[in-house]
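What follows is a single structure, written as structure tokens, with notes after it.
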Amino acid sequence: RVLGMVGTFTLQAAEKHVLAEGEKLALAAFSSGHDQGVYGLVSNLGSLVVRTVFQPFEEAAFVAFSRTAADGSDEGRRLRGQLLASLLRLVGLAALLAAAFGPSYSYTAVRLLYGVKWAETEAPELLALYAGYVVALALNGVTEAFMHATANKAQLASINQWLVAFSAVSVAANALLVRSLGSSGLILAGCVAMAARVAYSVTFITRHFHGRGFQLAQGLPAPLMLAASALAAAASRASEAALLRKDNFSASAAQHVLCGALLMLVWFTCAFFCERRSFRELKQAVRPKTE
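Residue 71 in the working numbering sits at position 84 of the sequence shown, and the numbers go up by one each step.
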């Protein structure tokens, strides 16, 4: 039985590897060397957020869900639903942060890190688009963590079959969109693949709860955070348009970054007061048991 579970998770890892590497193969087959270089720069920069923020968060979520997966009682279902809602709200905050500030600071980030040569390519636009892709990655990470932690052996086998289908969708979307849109098509294809996986995970979650203990609306960020993120996005866009000057980049970028820091301070203050309970529940869920 243990070997069977190991084989199941090994197959999942192999299929996820195909999903991750398929985009590179599509880019190599259908794009120029310039497009490959631009996408590599953006992907490496954007993946820093994924590796440092979302991957540890996803692993913590999997551990937390695994601890309550064996409890089939109504109380256990309620606790899983409460934890899932808190985690979705927290990962939603990270996604809102990326979507609010990413597009307005993509040019500044590329120019500061890689210089004016790369900043004058399509790299800033691709990085802004990648900020939207981060939203899909964030949602997929938490919903799949719940699915993998709570699924039984038969359900895991079905999940593997669907991952094969998602691999085919990803390859087809990559081939179609990269050929027509270049590097940006690769990011859009990733969004399509992630949306399909999130839809499947949400379907699994809905069936798991059977309408008890969890509603998807519970996982939405607070209305105040949605409003704060929208205002921050508008203000950061206005800051970029009013302050940032390519011919006087150093001084104008400092002003633009300072404005962004002040906006982030207000945003994080709102997040702290709106989601204190969610942070507390996550801390309790991942704390090692001393018994």
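Just so you know, even glycine gets a beta-carbon here, dropped at the ideal spot from N, CA and C. This one's a predicted model, so the numbers in the text were calculated from it and none came from an experiment.
Whether residue i touches residue j by CB criterion (8 angstroms)
i      : j      : result
Phe201 : Ala180 : no
Val37  : Ala85  : no
Ala136 : Ser237 : no
Ser265 : Arg76  : yes
Ala144 : Val29  : no
Leu113 : Ser171 : yes
Ala132 : Ala228 : no
Ala219 : Leu250 : yes
Val87  : Ala123 : Position check: residue 87 holds Ala in this sequence, whereas Val was assumed. No, the pair does not count as a contact, with Cβ atoms beyond the cut-off.
Ala72  : Gln205 : yes
Gly89  : Ala115 : yes
Ala81  : Ala125 : yes
Val121 : Gly33  : yes
Gly178 : Gly102 : Just to set this straight, residue 178 is Cys in the shown sequence, not Gly. Going by C-beta atoms, Cys178 is not nearer than 8 angstroms to Gly102.
Reduced DSSP category for residue i - H, G, I as helix; E, B as strand; rest coil
i      : result
Ser53  : helix
Thr108 : coil
Leu207 : coil
Glu262 : coil
His135 : helix
Gln142 : helix
Gln202 : coil
Ser91  : helix
Gly24  : helix
Ser60  : coil
Arg166 : helix
Leu231 : coil
Gly247 : helix
Gly172 : helix
His197 : coil
Same chain, Cβ closer than 6 angstroms to residue i, five either side skipped, listed in chain order
i      : result
Thr108 : Val25
Leu66  : Thr55
Gly128 : Phe41 and Glu45
Leu164 : Gly172, Leu175 and Ala176
Met134 : Ser188 and Phe191
Residues near residue i by beta carbon distance below 7 angstroms, same chain, minus five either side
i      : result
Leu211 : Cys257 and Cys261
Leu83  : Pro208, Met212 and Ser216
His195 : Thr137
Beta-carbon proximity list for residue i, same chain, < 8 angstroms, skipping 5 on both sides
i      : result
Ala240 : Thr95, Arg98, Leu99 and Leu231
Leu168 : Leu175
Thr193 : Leu203
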